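The opening position of the sequence shown corresponds to residue 280 in my numbering, with each subsequent residue numbered one higher. This report refers to the structure that appears directly beneath it.
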Amino acid sequence: MKDFAGKIAVITGGGTGMGRELAKALAAEGCSVAICDISEANMAETARLCQEAAPQGTKVSTFRADVAIEQEMNAWAEAVRRDFDTDKIHLLFNNAGIGGGGSFVAGDRKAWERTFAICFYGVINGVRAFLPLLQNASEGHIVNTSSVNGFWASLGPGRPHTAYSAAKFGVKGFTEALIEDLRLHAPHISCSVVMPGHIGTDIAGNSMAIQGGVSNELLLGLEAMGVDTKALTDEQMIAMANAGFRDNAPTSAAKAAQIILDGVRANRWRILVGEDAIFLDQCVRADPEAAYTPEFLDRLHAAGHLVQAASRQ
């Protein structure tokens, strides 16, 4: 799919971050966009920004939906049919995700399940809901967002990261398995798995808002930096996490969106986003047995990668 003009794109998690930037970039090219999120205020701002940049005739629609709930995703698919008066879409970006539920052994099960449901089943629900509309188009492309934690299940020693990592490994495997499935049953649809490194988004604070409070991962990270967490309110810690994670990222959300869309144009099934993602992928492939040792993380940090991402999540 070399040209997005005149197409229809569906984007989950379109209220902020990479979802918003994907929507803006596509709308600017004349691609109509439908976004979902759990924040209506954030979606309204995304819609406003899209309409400012879009050529006349480009449509933008919003829908409040929790990607982890299949019925809500199915309802959104029906709303897209109505809003765009069509039975087809061309692009599906399963972008929504949160962090949390770090420890399977000692952590809160509710947070673990919530993280896994959004990050993994959100992708499954998105594909199930919109596959019929993709099949009705002359060409289609599915883009599922995994992570570098989809091939490296760690934030480093002493920092369990199980729910997010397990989900992102699942997204990677599911998308790779779709390649042959689509070739056989829907050859006009292709797919890509996106594996971002540290991207400048508000995922840290957004995740804790959804999970209902400051995460153990954030407490561990701040304490490792010498911060006296007992002297801070939850709101201050969340704001600190957001600012640190977003503002110190080596790759902006807008740049990430550009890399992803260029990957779609090139019909690449595997899209690494950021120099840190590329370097980490090379290191894991070169020495997988060492991937979970302190020395491996030291090697990454010595090269200047994932330092802020590991300390702020």
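We treat Cβ as the ideally placed atom computed from N, Cα and C, and that holds for glycine. Quick caveat: nothing in here was measured; it's all calculated off a predicted structure.
### Phe453 in three-state terms, based on DSSP
Three-state DSSP puts Phe453 in a helix.
### Query
Going by beta carbon distance, what residues of the same chain come within less than 6 Å of Val420, once the five residues before and after it are set aside?
It should be noted that the sequence gives His, not Val, for residue 420. Around His420: Met280, Leu370, Ser469, Val543.
### Message
Give me the DSSP bridge partner(s) of Gly336.
### Response
According to DSSP, which records beta bridges pairwise, Gly336 is partnered with nothing at all.
#### Entry: beta strand (DSSP E) runs wholly inside the segment 502-576, at least 3 long, in chain order
The segment 502-576 contains these whole beta strand (DSSP E) runs: 549-552.
### Query
Excluding the five sequence neighbours on either side, which residues of its own chain have a C-beta within less than 7 Å of the C-beta of Ala358, listed in chain order?
When the five nearest sequence neighbours on each side are left out, the beta carbons in the same chain lying within less than 7 Å of the beta carbon of Ala358 are those of Phe342, in order along the chain.
### Query
Once you ignore the five residues that flank Ala446 on each side, which residues in its own chain have a CB closer than 6 Å to its CB?
Annotation for Ala446: Phe395, Cys398, Phe399 place their beta carbon closer than 6 Å to its own, counting only its chain and skipping 5 residues before and after.
### Query
Between Ser433 and Val472, which are expected to be in contact by the criterion C-beta below 8 Å, what is the C-beta distance as a whole number of angstroms?
For a cut-off of 8 Å, the C-beta gap from Ser433 to Val472 is around 19 Å, too long to register as a contact.
#### Entry: Per-residue DSSP class, three states only, for Lys286
In the structure shown, Lys286 adopts coil according to DSSP, grouped into three states.
### Query
If Leu413 and Ile458 are in contact, beta carbons under 8 Å, what's the gap, nearest whole angstrom?
Contact flag wrong, Cβ pair sits at about 15 Å.
### Task
Identify every residue that forms a DSSP beta bridge with Cys470.
Listed as beta-bridge partners of Cys470 by DSSP are Ile421.
### Message
Three Cβ pairs or more, each shorter than 8 Å: is that satisfied between the segment 437-444 and the segment 379-390?
### Response
Result yes; three or more Cβ-Cβ pairs closer than 8 Å.
### Query
DSSP state of Ser250, grouped into three classes?
Any property of residue 250 remains undetermined from this structure, which presents the chain solely from 280 to 592.
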